[in-house]
Amino acid sequence: MKDFPKLETERLILSAVTSEDIPQIVMYLQDKVFSDFTSNIPYPYRKEDAEYWLKLSREAFENHKGFTFAIRSKDGKLMGAIGLHDEGSDRAELGYWLGIPHWNKGYVTEAAKAVIDFGFRTLKFNKIFATYFPHNPASGKVMEKIGMEKEAVLKQHLKKDGKYYDIPLYSIFRASL
Ligand SMILES: CC(C)(COP(=O)(O)OP(=O)(O)OC[C@H]1O[C@@H](n2cnc3c(N)ncnc32)[C@H](O)[C@@H]1OP(=O)(O)O)[C@@H](O)C(=O)NCCC(=O)NCCS
Numbered sequence: 016m017k018d019f020p021k022l023e024t025e026r027l028i029l030s031a032v033t034s035e036d037i038p039q040i041v042m043y044l045q046d047k048v049f050s051d052f053t054s055n056i057p058y059p060y061r062k063e064d065a066e067y068w069l070k071l072s073r074e075a076f077e078n079h080k081g082f083t084f085a086i087r088s089k090d091g092k093l094m095g096a097i098g099l100h101d102e103g104s105d106r107a108e109l110g111y112w113l114g115i116p117h118w119n120k121g122y123v124t125e126a127a128k129a130v131i132d133f134g135f136r137t138l139k140f141n142k143i144f145a146t147y148f149p150h151n152p153a154s155g156k157v158m159e160k161i162g163m164e165k166e167a168v169l170k171q172h173l174k175k176d177g178k179y180y181d182i183p184l185y186s187i188f189r190a191s192l
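Residue numbers 16 to 192, in my numbering, belong to the letters of the sequence shown in order.
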C-alpha cells in the first residue's frame with residue numbers, strides 16, 4: 016500500500032496524522048489521565064512527544080508494521096487517534112485515545128469497528144487484540160461493544176508508578192466477519 020488509507024464512517028473520517036495535527040494532539044494530551052490509562056503516552060506531554068510519535072507512526076506505515084489513523088470529525092478536525100500494530104503471526108494490536116470533550120459519544124466504538132474491518136478485509140490479519148488497565152473500564156467497554164471477547168487476564172503484566180497491574184486481554188478473529 017503506497018498511500019495511507021482513508022476510511023469514512025457515519026460521523027468520522029479516519030486518515031493519516033500529519034504535522035499540522037501536532038498542536039491539537041498536544042492540546043488534548045495535556046491531561047494526566049492519558050498517561051494513567053495507557054502504557055505509552057507520557058506526562059507531561061510536550062510538542063517533542065507528538066513529533067516523535069508522528070515519526071514512529073510514519074516509519075511503521077512505511078515498514079508495513081503499523082497504521083495510525085487520526086480520528087477526525089467530518090470537517091477534518093482531529094479528535095483522537097486509533098491504530099493497528101502488526102505483531103506477527105497475522106496478529107495486530109489495536110490502540111486508541113480520544114480528546115476528553117468527545118468522550119462517551121460512541122466515537123471510538125465507531126472508529127474501531129471501521130479499523131477492525133479494514134484490518135481483516137484489507138490487511139488480512141487473522142486476529143486483532145487489545146488490552147486495558149483495570150482502572151479504565153470505558154476502554155474495556157469499547158472492546159466489548161466492537162465484538163471482542165475476553166481471552167485472558169495477564170497477571171501482573173504491566174508496571175506503572177511502581178505498581179503491577181493485572182491486564183485483561185480482549186480479541187476478535189477474522190472468522191467473525
Ligand atoms: C477509552 C476511550 C478511548 C473511550 O472512547 P469513547 O469514544 O468515549 O468510547 P465510546 O463512547 O465508544 O464507549 C465508551 C463506553 O464506556 C462507558 N463508560 C464510560 N465510563 C465508564 C466507566 N467509568 N465505567 C464503565 N463504563 C464506562 C460509556 O458509557 C460507553 O458505553 P455505552 O456506549 O454502553 O454507554 C476514551 O475514554 C479515552 O481516550 N481514554 C483515555 C485513553 C485510553 O484510555 N485509551 C485506551 C487505552 S487501552
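Virtual Cβ for every residue (Gly too), placed ideally from N, Cα, C.
Every value quoted in this text rests on a predicted model; they were computed, and no experiment measured them.
In the DSSP annotation of this structure, Val-168 is not part of any alpha helix (DSSP H); the continuous beta strand (DSSP E) holding it starts and ends at 164–175. In the three-state DSSP reduction, Gly-110 falls in the strand class (E or B). Here Tyr-60 is buried, its C-beta having at least 16 other C-beta atoms within 10 Å. In the structure shown, Tyr-43 falls within a helical segment according to DSSP collapsed to helix, strand and coil. In the same chain as Ser-191, and ignoring 5 residues on each side of it, the C-beta atoms closer than 7 Å to its own belong to Gly-162, in chain order. Taking the CA atoms as reference points, Phe-82 sits about 31 Å from Lys-178. The closest CA to that of Asn-119, considering only Asp-101, Phe-19, Tyr-185, Met-94, is found on Met-94.
Nearest neighbour of Ser-104 by Cα position, chosen from Gly-110, Phe-144, Tyr-67, Gln-45, turns out to be Phe-144. Pairing Gly-134 with Tyr-111, the inter-Cα distance amounts to about 15 Å. Setting aside the 5 residues that flank it on each side, Ala-129 is surrounded in the same chain by Leu-22, Thr-24, Leu-29, each with a C-beta closer than 7 Å to its C-beta; the list follows chain order. Short note on Ala-153: C-beta closer than 7 Å to some heavy atom of ligand 1. Ligand 1 has no heavy atom closer than 7 Å to the beta-carbon of Tyr-180.
Only residues of its own chain outside the window of five on either side were considered, and among them Ala-65, Leu-93 have a CB closer than 7 Å to the CB of Ile-40, listed in chain order.
When the beta-carbon positions are compared, Phe-148 and Ala-107 stay at least 8 Å from each other.
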